[in-house]
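Q:
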Amino acid sequence: MCGGCGGVGPDWSLPYVSGSRRRAAIAALLGGLSRRITVGTMRQGWTVRTATGGWSVARTLDELVDATAQRVSFSSWAEVQEAVRVHSRDRCDPVPARQPTRPGVGTCALDTGTIGSAEFAALDAIAVPVLSEGELHLRLAAFALGVRVLPAQPVALELAPGMRLLATEGRLSGALARGYGQVDGAAHRARPELTGASGR
């Protein structure tokens with residue numbers, strides 16, 4: 436909680452999963468991937484009901500994934516991809532390809548001179564791309580769930596052209612932007628703080 440208002444604090448996934456249509460689609464996907472639970476929507480979040488009558492409220496994607504991770508019924512990224520494909524509305528989210536706005540600014544390598552960026556670049560080099568098809572909010576929810584459940588190998592989810600979300604050892608590690616956020620031809624990494632269970 437953030438204090439006086441009683442609301443939740445900053446949620447890293449909110450720009451991708453907000454809106455009633457997206458929440459309903461995520462509820463259907465995670466309910467379909469999990470055993471003996473029903474995932475519903477509410478204003479600004481989800482509800483999770485178990486077969487024994489217990490229920491919980493999830494106000495963030497992290498809370499929702501934590502509530503469903505122990506009851507999943509898949510064993511590979513291919514199964515997760517198929518579920519995302521089935522629940523997507525026969526299209527992928529259109530992602531505009533942003534072009535550099537200044538001359539001389541193009542795609543270049545990650546700046547490895549900053550603290551921790553060499554390790555981050557090494558992770559990016561070995562991360563296996565997963566969940567390449569389907570609507571972005573569904574791919575993101577399935578990625579967060581799969582990272583917690585499937586074997587802890589380095590994986591990456593393409594958020595937009597040149598921007599990947601990386602995960603390893605059962606947790607989301609951060610986002611890597613290539614070709615964006617450049618200053619005079621030098622790439623700078625975008626590694627937001629990921630809070631909640633996936634950002635431990």
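FYI, the numbering used here numbers position 64 of the sequence shown as 499, with every residue one higher than the one before it. Just so you know, even glycine gets a beta-carbon here, dropped at the ideal spot from N, CA and C. Here the structure is a predicted model, which is why all the values come from computation and not from measurement.
Report the residue ranges of all beta strand (DSSP E) runs contained in full by the region 475-513; include only those spanning at least 3 residues, in chain order.
A: You should have 480-485 and 490-493.
Q: In the DSSP assignment, find the unbroken alpha helix (DSSP H) run with residue 458 in it and report its ends.
A: Segment 455-468, the alpha helix (DSSP H) holding residue 458.
Q: Using a threshold of 8 Å, is the CB atom of residue 559 nearer than that to any non-hydrogen atom of the ligand GDP?
A: The ligand GDP is absent from the structure shown, which contains no ligand whatsoever.
Q: Would you check if the region 483-495 and the region 568-587 touch, i.e. whether three or more CB-CB distances between them fall below 8 Å?
A: No, the region 568-587 is not in contact with the region 483-495.
Q: Three-state secondary structure (DSSP) at residue 599?
A: Correct three-state label for residue 599: strand.
Q: For residue 563, write down the residues that DSSP places opposite it in a beta bridge.
A: Residue 563 pairs with 590.
Q: Return the residue from the list 501, 558, 593 and 560 that minimises the CA-CA distance to residue 575.
A: Of the listed residues, the one whose Cα sits closest to residue 575 is 593.
Q: If you compare alpha carbons, which of 477, 495, 472 and 458 is closest to residue 445?
A: Per the Cα distances, 495.
Q: What residue from 590, 595 and 450 has the CA that sits closest to residue 604's CA?
A: Closest option to residue 604, Cα to Cα, is 590.
Q: Pull up the distance between the alpha-carbon of residue 565 and that of residue 577, whole angstroms please.
A: For residue 565 and residue 577, the distance between alpha carbons rounds to 10 Å.
Q: Among residues of its own chain, excluding the 5 on either side of residue 563, which ones have a beta-carbon nearer than 6 Å to its beta-carbon?
A: Excluding residues within five positions, the ones whose Cβ falls inside 6 Å are 590.
Q: With 16 other CB atoms within 10 Å as the buried threshold, where does residue 503 fall?
A: Answer is buried; the Cβ neighbour count reaches 16.
Q: So for residue 585, helix, strand or coil by DSSP?
A: Correct three-state label for residue 585: coil.
Q: Between the Cα of residue 480 and the Cα atoms of 463, 609, 498 and 468, which residue gives the shortest distance?
A: Among 463, 609, 498 and 468, the Cα nearest to that of residue 480 is on 498.
Q: Quick check on residue 471: does DSSP put it in helix, strand or coil?
A: Correct three-state label for residue 471: coil.
Q: I need the straight-line Cα distance from residue 473 to residue 553, nearest angstrom please.
A: Distance between the alpha carbons of residue 473 and residue 553 is about 42 Å.
Q: According to DSSP, what are the bridge partners of residue 605?
A: According to DSSP, residue 605 bridges with nothing at all.
Q: Do you know offhand how far residue 610's Cα is from residue 584's?
A: Rounded to the nearest angstrom, the two C-alpha atoms are 20 Å apart.
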